[in-house]
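Protein chains in written order, with the numbering used here: chain A, 1 to 293; chain B, 294 to 586.
Reviewing the structure listed below.
2 protein chains.
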Amino acid sequence: MLSISLKSTGIKNQQRAPHQLIHRDKYMIIIKAGGGRGINWEGICQDLVEILEKDRVILVHGANARRDEIASKLAVPTKTVTSPSGISSVYTDKTAMEVFLMTYAGLVNKSIVAMLHNYGINAVGLSGVDGKLWEAKPKKDILIKEGNRVKVLKGNLTGRVERINTDLISLLVDNGYLPVICPPAISHENEILNTDNDWAVAVMAEALEIKRIISLFEAPGLLSDPDDEKSLVTHIEKARIDDYLTFARKRMKKKVLGAKRALDAGVETIYWGDGRRKNPIKALLAGEGTVIS
Amino acid sequence: MLSISLKSTGIKNQQRAPHQLIHRDKYMIIIKAGGGRGINWEGICQDLVEILEKDRVILVHGANARRDEIASKLAVPTKTVTSPSGISSVYTDKTAMEVFLMTYAGLVNKSIVAMLHNYGINAVGLSGVDGKLWEAKPKKDILIKEGNRVKVLKGNLTGRVERINTDLISLLVDNGYLPVICPPAISHENEILNTDNDWAVAVMAEALEIKRIISLFEAPGLLSDPDDEKSLVTHIEKARIDDYLTFARKRMKKKVLGAKRALDAGVETIYWGDGRRKNPIKALLAGEGTVIS
Chain A
1 MLSISLKSTG IKNQQRAPHQ LIHRDKYMII IKAGGGRGIN WEGICQDLVE ILEKDRVILV
61 HGANARRDEI ASKLAVPTKT VTSPSGISSV YTDKTAMEVF LMTYAGLVNK SIVAMLHNYG
121 INAVGLSGVD GKLWEAKPKK DILIKEGNRV KVLKGNLTGR VERINTDLIS LLVDNGYLPV
181 ICPPAISHEN EILNTDNDWA VAVMAEALEI KRIISLFEAP GLLSDPDDEK SLVTHIEKAR
241 IDDYLTFARK RMKKKVLGAK RALDAGVETI YWGDGRRKNP IKALLAGEGT VIS
Chain B
294 MLSISLKSTG IKNQQRAPHQ LIHRDKYMII IKAGGGRGIN WEGICQDLVE ILEKDRVILV
354 HGANARRDEI ASKLAVPTKT VTSPSGISSV YTDKTAMEVF LMTYAGLVNK SIVAMLHNYG
414 INAVGLSGVD GKLWEAKPKK DILIKEGNRV KVLKGNLTGR VERINTDLIS LLVDNGYLPV
474 ICPPAISHEN EILNTDNDWA VAVMAEALEI KRIISLFEAP GLLSDPDDEK SLVTHIEKAR
534 IDDYLTFARK RMKKKVLGAK RALDAGVETI YWGDGRRKNP IKALLAGEGT VIS
């Protein structure tokens, strides 16, 4: 589908009683879906119905496509900056943060939550701000590269997640709710901060002793040639993740860094794969993507 | 203050441990604040710090000012319609619902949550969609009055709250979280619906056996002359609430209907008062507003 629809899908609601989702002895998985327009959310919901019979899940999502669209319509287009080491990120001033809150925590989060309810999944949407779920250290002044010059950019409302409110997540999961989490995060001093989702997922995995992370985006997995969807890297050995930092480009660089952080924190398997296809989660678990283990 | 600021207030964060807010034997209060630009949110937070020492609280908020502002900027201005009986309401089509989600559940809800954390209050923001917190019956085709003609308006994404997920509210409150709730609601068929906040508050009060409702807006209370802020009605006898339907105008008409519904449901005292002033909640509890009892 092209966007998250607010319409009912017509699928009969089979609300499951909360107790049916409670299985304290089960493993917990983090499933992260990117914020691209092409992500097949109906397919994710369908797969989740099955996954939730065996596993406890935390869902994390992005919303960059809708964010960029709304930012443009409001005549405050999203600004991207590049670090001296070549990692690109969004510059978030006060206005950009307002658009961020609107699209991530409002529009997209609640649309996903409603869609999950339509599949009988008792979802609760939260941002990293709620209950200080994602507590981050601000990183206001950043070094950026413009052409061949490096300069300091001030006032960036961004930070890196350091602490997780695991009590709130456990409270919801143990009572049959599926937490649907998105950035922004909140600083130790209670400022709202943009943050890298992949890093936050890694910190969350560590705090909750999670062994498996599934990450869905708009590509078949890690590509050795970003312009060739057939150049899929099917397996990455844990110990060799650093090698992939060199050829991962743009947003994939952050995914590699996040994966490295997650592996360091004890995660055993990370699945990267295509969120656009039919049954995206099941396909990925069946090995159709990049498996890091 | 003129708007909800995303900035830190500089007040030292004194995060209280969740257990300090747990008092199962205490009464629960619903505090509702309107979505006008003039609402003194810092004052509400300050008062809440004290109130939470004695009472358990559910906070409900609007966001109409920011909604209308963003809708205008996006060139999809908010449309208002009037029922044959003279009650005005917002017409919510798919686009208006997107703006609604962005401003209520995103921008304003999370800004309030972050501000509360800055006062050491462990807030969690939720919309009526999350966990089907506010389940509503759709009312898609509505009768509206245009001049002297009555016509049917179709496709309105609105409904009336009928069922509350009291388990989710209790789960959060009993574990030391302050729920910060806003519309939209979700239908039995999982469509996202705009809904009247005052009615939802009344249904929530009934479901949770709440005895006191505090409602803050941009007026000193109910005015016998809407154009004269000195014409405050200081007390309304429960049994005479119907009389006030006749002279309440515009948005106040809905407040009277909501109050009537709440009183029918067993609420003992409703406080209406000025959300713009210093210490808005304390002033209201001290009798400076309209008390319905």
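Each residue gets a CB set at the ideal place from its N, CA and C atoms; glycine is no exception.
Distance between beta carbons of residue j and residue i, contact taken as under 8 Å
| i | j | result |
| --- | --- | --- |
| residue 36 (chain A) | residue 217 (chain A) | 7 Å |
| residue 122 (chain A) | residue 178 (chain A) | 6 Å |
| residue 106 (chain A) | residue 399 (chain B) | 2 Å |
| residue 385 (chain B) | residue 490 (chain B) | About 14 Å separates the two Cβ atoms, so there is no contact after all. |
| residue 144 (chain A) | residue 81 (chain A) | 4 Å |
| residue 473 (chain B) | residue 418 (chain B) | 5 Å |
| residue 341 (chain B) | residue 574 (chain B) | 7 Å |
| residue 505 (chain B) | residue 561 (chain B) | 7 Å |
| residue 480 (chain B) | residue 448 (chain B) | Actually they do not touch by this definition, with Cβ atoms about 14 Å apart. |
| residue 427 (chain B) | residue 493 (chain B) | 5 Å |
Which listed residue (the options) has its alpha carbon closest to that of residue i
| i | options | result |
| --- | --- | --- |
| residue 387 (chain B) | B:508, B:544 and B:484 | B:484 |
| residue 552 (chain B) | B:466, B:413 and B:495 | B:495 |
| residue 503 (chain B) | B:524, B:398, B:522 and B:459 | B:459 |
| residue 508 (chain B) | B:555, B:482 and B:346 | B:555 |
| residue 533 (chain B) | B:585, B:578 and B:516 | B:585 |
| residue 461 (chain B) | B:520, B:497, B:365 and B:322 | B:497 |
| residue 371 (chain B) | B:573, B:356, B:445 and B:410 | B:356 |
| residue 425 (chain B) | A:111, A:150, A:235 and A:273 | A:111 |
| residue 583 (chain B) | B:558, B:523, B:559 and B:543 | B:523 |
| residue 565 (chain B) | B:542, B:527, B:571 and B:559 | B:527 |
| residue 433 (chain B) | B:427, B:409 and B:445 | B:445 |
| residue 364 (chain B) | B:391, B:320, B:353 and B:334 | B:391 |
| residue 52 (chain A) | A:32, A:34, A:27 and A:76 | A:27 |
| residue 42 (chain A) | A:264, A:130, A:176 and A:114 | A:114 |
| residue 138 (chain A) | A:117, A:162 and A:83 | A:162 |
Cutoff 7 Å: residue i Cβ touching any chain B Cβ
| i | result |
| --- | --- |
| residue 161 (chain A) | no |
| residue 296 (chain A) | Outside the modelled stretch of chain A, which goes from 1 to 293, sits residue 296 (chain A), for which no answer is possible. |
| residue 98 (chain A) | yes |
| residue 107 (chain A) | yes |
| residue 154 (chain A) | no |
| residue 40 (chain A) | no |
| residue 311 (chain A) | No information on residue 311 (chain A) is available, as it lies outside the stretch 1 to 293 that chain A covers here. |
| residue 190 (chain A) | yes |
| residue 219 (chain A) | no |
| residue 114 (chain A) | yes |
| residue 274 (chain A) | no |
Under the three-state DSSP convention, the category residue i falls into
| i | result |
| --- | --- |
| residue 424 (chain B) | helix |
| residue 269 (chain A) | strand |
| residue 292 (chain A) | strand |
| residue 571 (chain B) | coil |
| residue 287 (chain A) | coil |
| residue 450 (chain B) | coil |
| residue 415 (chain B) | coil |
| residue 37 (chain A) | coil |
| residue 429 (chain B) | strand |
| residue 481 (chain B) | coil |
| residue 245 (chain A) | helix |
| residue 3 (chain A) | Unreliable positioning characterises residue 3 (chain A) in this predicted model, as indicated by a pLDDT of 48, which lies under 50. The coordinate reading is nonetheless provided below. In this structure, residue 3 (chain A) counts as coil in the three-state DSSP scheme. |
| residue 392 (chain B) | helix |
| residue 384 (chain B) | strand |
| residue 316 (chain B) | Interpretation of residue 316 (chain B) is limited by its pLDDT of 43, a score under 50 that renders its predicted location unreliable; the figure taken from the coordinates is listed afterwards. Here residue 316 (chain B) sits in coil by DSSP. |
| residue 144 (chain A) | strand |
| residue 501 (chain B) | coil |
Below-7 Å beta-carbon distance, residue i vs any chain A residue
| i | result |
| --- | --- |
| residue 345 (chain B) | no |
| residue 577 (chain B) | no |
| residue 354 (chain B) | no |
| residue 548 (chain B) | no |
| residue 358 (chain B) | no |
| residue 584 (chain B) | no |
| residue 545 (chain B) | no |
| residue 411 (chain B) | yes |
| residue 341 (chain B) | no |
| residue 321 (chain B) | no |
| residue 403 (chain B) | yes |
| residue 651 (chain B) | Residue 651 (chain B) falls outside the range modelled here, since chain B spans only 294 to 586, and no answer is possible. |
Self-check item: Interface residues of the region 466-481 of chain B facing chain A [CB-CB below 7 Å]
Solution: For the region 466-481 of chain B, which is checked against every Cβ of chain A, the residues closer than 7 Å are 468, 470 and 479.
Self-check item: Contacting positions in the region 495-508 of chain B - beta carbon closer than 9 Å to chain A
Solution: If the cut-off is 9 Å between Cβ atoms, the region 495-508 of chain B has nothing near chain A.
Exercise. For the region 417-440 of chain B, enumerate the residues whose C-beta is nearer than 8 Å to any C-beta of chain A, in chain order.
Key: Listed by position along the chain: 417, 418, 419, 420, 422, 423, 424 and 425.
Exercise. Could you list the residues in the region 364-393 of chain B with a C-beta less than 9 Å from some C-beta on chain A, going in chain order?
Key: Here the close residues are 366, 367, 368, 387, 390, 391, 392 and 393.
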